[in-house]
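Chemist:
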Amino acid sequence: QEQLVESGGGLVQAGGSLRLSCAAPQKNFRLNVMAWYRRTPGQQRESVAAVTPVGSTNYATPVTGRFTISRDNAKKTVYLQMNNLKPEDTGVYYCNSIPNNPNWGQGTQVTVSS
């Protein structure tokens with residue numbers, strides 16, 4: 004089963020950085036658009052960033068200039084470098100392909116203290 008596995012979350016002070024990783028052992032990984040999502044307290048899951056098979060990227064407005072998405076097709080892994088973190092970035096972060104694989108991973112918790 005192509006299980007998505009996110010890691011790298013943790014507790015960090017505002018202004019700090021984290022790097023998230025997502026292992027995505029999908030058969031057609033190198034052909035898929037991959038994205039990071041987050042579910043913040045009281046909110047629905049929202050898209051944060053996406054990267055195409057050739058490396059073009061797109062970001063949600065709240066994270067533009069602070070987050071960087073990247074991928075390693077050989078390792079079937081997607082990364083999210085998060086800098087200058089803010090308390091409102093607190094939430095559970097997930098990765099998935101677009102269109103979404105119905106089997107979401109467990110996510111990784113990011114907590115930013117003020």
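Residue 4 is where the sequence shown starts when you use the numbering used here, and the numbers rise one by one after that. By construction, the Cβ of each residue, glycine as well, lies at the ideal position given by its N, Cα and C atoms.
#1: To the nearest angstrom, how far is it from the Cα of Val66 to the Cα of Gly11?
#2: Go ahead and pull the three-state DSSP assignment for Arg22.
#3: Leaving aside the five residues before and after Asn87 along the sequence, list all residues of the same chain whose C-beta is less than 7 angstroms from its C-beta, in chain order.
#4: Could you tell me the alpha carbon to alpha carbon distance between Ala52 and Trp39, rounded to whole angstroms?
#5: Smallest Cα separation from Glu9: which of Ser24, Gln47, Gln16?
#6: Taking Lys78 as the reference, which of Gly94, Arg41, Arg33 has the closest Cα?
#7: Rounded to whole angstroms, how far is the Cβ of Arg41 from the Cβ of Val95, which I believe are closer than 8 angstroms?
#8: Using C-beta distances below 8 angstroms, list every residue in its chain close to Pro44, excluding the 5 sequence neighbours before and after it, in chain order.
#9: Can you tell me whether Val66 is helix, strand or coil according to DSSP?
Modeler: Reading it off the structure:
#1: 18 angstroms
#2: strand
#3: Gly18, Arg69
#4: 5 angstroms
#5: Ser24
#6: Arg33
#7: 7 angstroms
#8: Thr93, Gly94
#9: helix
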